[in-house]
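One structure below.
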Amino acid sequence: MLPPAAGLRADHRLISFDPLLVEFDLASLEGRYTPLQDFYIRNHFETPAVSSHPSLSIEGEVESPAKLTYRDIASLPRHQAPAVLECAGDGIGEDVLASNGLWEGWRFDDVLRLARPLATARYVHLYGRDGYSRSVSIEQASQDGLLAMRLNGQPLLPAHGAPWRAVFLGWYGMDSVKWLARVVLASSPLPPVANTYLRVLRDPSGNVIRQPLPRVLVKSLIISPKPQSVLPIGQITLRGVAWSGKGTIKSVQASADGGASWRPAEIDSGGRYGWALWRASFHLTERGVVEFACRATDATGATQPIERDRSLLDGYTFNIVEHVRCVLV
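My numbering puts the sequence shown at residues 273 to 601.
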């Protein structure tokens, strides 16, 4: 059995003040959820001042445009959802732009229904008080969206979008607009800004194609041991996390020979959108460099690739197999 995932201890690393960018130190994780004070932050503009009278406007392709206050929304049923939020530009390593939390709020579909969307509404435009905006399909908003106001049982902090923010379960974080102030339902999406948050690839004919980014790709990482650790020979236990935006993690495999051979890891499932905790043990008796690796498979059968698809030209959705080198003495 894996140890209980009850504790909340972790750490973070400040990358930028303006805009605020904070990575989560994955190696410090103890427990299932990332503590609120260590949750990763990827802001695009300056953090806005806290509003004393927050409201949310819903307009556009709706029968009843509305300007909702907290009291208007609070009458709706609340929901909780464990989920990983990952920046589309997150890489591979111990300092990550990804965190796992217990989100609480109202289903986005319930909030939109207060304004009675028209059949012509195919997209939802989201506008934050910081000036950032995104579009998502009406299906994504209705099926996977939360208007979140609590994280890990605590009110959102200002840097995380207080008093409320959008959260789209299983999708990369750029869609989860913070400090949400205005929602416009429309028949078409907002125009893209250059190649920002787009999948850019070269087809076999050499043509460059631009597409929306997919759901969060299946991914696993090693929490312990850290890269370049010096370890005594004998029993070595790897510990890590794995997640996917397409479904529950079905299996995790670990390797102590750089991926030449694999063995199944024990898994403590995190549900459909939360990360699973995993552990695998090896008895190693040969001194020298050892290369650990891990790979996950989700419920759809998707497995992490060994190498990144060479046709991809963008800098998003990195989910290749992670390798960690250590020294046995």
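Note that beta-carbon positions come from the ideal geometry of N, C-alpha and C, so glycine has one too.
What separation, rounded to the nearest whole angstrom, lies between the Cα atoms of residue i and residue j?
{"i": "I578", "j": "A565", "result": "10 Å"}
{"i": "R580", "j": "E594", "result": "12 Å"}
{"i": "V449", "j": "Q309", "result": "19 Å"}
{"i": "I494", "j": "Q352", "result": "27 Å"}
{"i": "Q576", "j": "V490", "result": "6 Å"}
{"i": "P427", "j": "L374", "result": "12 Å"}
{"i": "A537", "j": "A526", "result": "6 Å"}
{"i": "R350", "j": "F380", "result": "11 Å"}
{"i": "Y588", "j": "S329", "result": "32 Å"}
{"i": "T319", "j": "W451", "result": "9 Å"}
{"i": "L485", "j": "V513", "result": "23 Å"}
{"i": "H478", "j": "L585", "result": "Here the sequence assigns Gly to residue 478, which means His is not the residue at that position. Whole-angstrom Cα-Cα distance: 12 Å."}
{"i": "V562", "j": "F440", "result": "39 Å"}
{"i": "S553", "j": "G365", "result": "20 Å"}
{"i": "R567", "j": "T392", "result": "42 Å"}
{"i": "D416", "j": "L348", "result": "17 Å"}
{"i": "Y469", "j": "A360", "result": "7 Å"}
{"i": "R535", "j": "V465", "result": "44 Å"}
{"i": "S288", "j": "R314", "result": "9 Å"}
{"i": "D529", "j": "A431", "result": "42 Å"}
{"i": "R551", "j": "L503", "result": "17 Å"}
{"i": "F590", "j": "E376", "result": "28 Å"}
What does DSSP give as the partner residue(s) for residue i in the beta ladder?
{"i": "S516", "result": "Answer is none; S516 lacks a bridge partner."}
{"i": "P320", "result": "In the DSSP output, where bridge partners are listed per residue, P320 has none listed."}
{"i": "E376", "result": "Q352 and R422"}
{"i": "A399", "result": "According to the sequence displayed, residue 399 carries Tyr and not Ala. In the DSSP output, where bridge partners are listed per residue, Y399 has S405 and R454."}
{"i": "P536", "result": "Q525"}
{"i": "D367", "result": "D297"}
{"i": "T557", "result": "None, per the DSSP bridge assignment."}
{"i": "L473", "result": "I481 and L584"}
{"i": "S492", "result": "A514"}
{"i": "K498", "result": "Partner(s): none; K498 has no beta bridge."}
Within a Cβ cutoff of 7 Å, which residues of the same chain sit near residue i, ignoring the five residues on either side of it in sequence?
{"i": "R487", "result": "G442, W443, G517 and K518"}
{"i": "D283", "result": "D297, S300 and D310"}
{"i": "A277", "result": "For A277, the predicted model reports a pLDDT of 38, less than 50, meaning its position is unreliable; a value from the coordinates is still stated below. G303, R304, D540 and L549, listed in sequence order."}
{"i": "P461", "result": "Y395 and S407"}
{"i": "S336", "result": "A387 and R388"}
Residues in the same chain with beta-carbon distance under 6 Å from residue i, minus the five sequence neighbours each way, listed in chain order, please.
{"i": "L286", "result": "V294"}
{"i": "H555", "result": "Q507"}
{"i": "S583", "result": "L473 and R474"}
{"i": "A571", "result": "G519, T520 and K522"}
{"i": "R394", "result": "I410 and S459"}
{"i": "N424", "result": "Y305, L308, G373 and L374"}
{"i": "G543", "result": "P354"}
{"i": "T569", "result": "K522, S523 and T575"}
I think residue i touches residue j, with their Cβ atoms under 8 Å apart; what is that distance to the nearest whole Å?
{"i": "V368", "j": "L298", "result": "5 Å"}
{"i": "F296", "j": "G403", "result": "That pair is no contact at about 25 Å."}
{"i": "A438", "j": "L398", "result": "6 Å"}
{"i": "S541", "j": "A532", "result": "Actually they are not in contact, since the Cβ atoms of S541 and A532 sit about 28 Å apart, beyond 8 Å."}
{"i": "R304", "j": "N372", "result": "7 Å"}
{"i": "W217", "j": "L418", "result": "Residue 217 lies beyond the residue range present for the chain, which begins at 273 and ends at 601; the question has no answer from this structure."}
{"i": "G445", "j": "E358", "result": "6 Å"}
{"i": "V596", "j": "P499", "result": "5 Å"}
{"i": "G332", "j": "V456", "result": "4 Å"}
Could you check whether residue j and residue i sit closer than 9 Å to each other, using their CB atoms as the reference points?
{"i": "R401", "j": "S324", "result": "no"}
{"i": "R559", "j": "V524", "result": "no"}
{"i": "L340", "j": "V383", "result": "yes"}
{"i": "S407", "j": "A458", "result": "yes"}
{"i": "A338", "j": "L390", "result": "no"}
{"i": "P326", "j": "Y312", "result": "no"}
{"i": "R471", "j": "R482", "result": "yes"}
{"i": "L510", "j": "S501", "result": "no"}
{"i": "Q412", "j": "D362", "result": "no"}
{"i": "Y545", "j": "V356", "result": "yes"}
Output needed for residue i: all residues of its chain with C-beta closer than 8 Å, excluding positions within five of it in sequence on either side, in chain order.
{"i": "I505", "result": "L556, T557, E558, R559, L600 and V601"}
{"i": "P435", "result": "V322, S323, P326, Y342, M421, P427 and L428"}
{"i": "V480", "result": "V472, L473, R474 and L585"}
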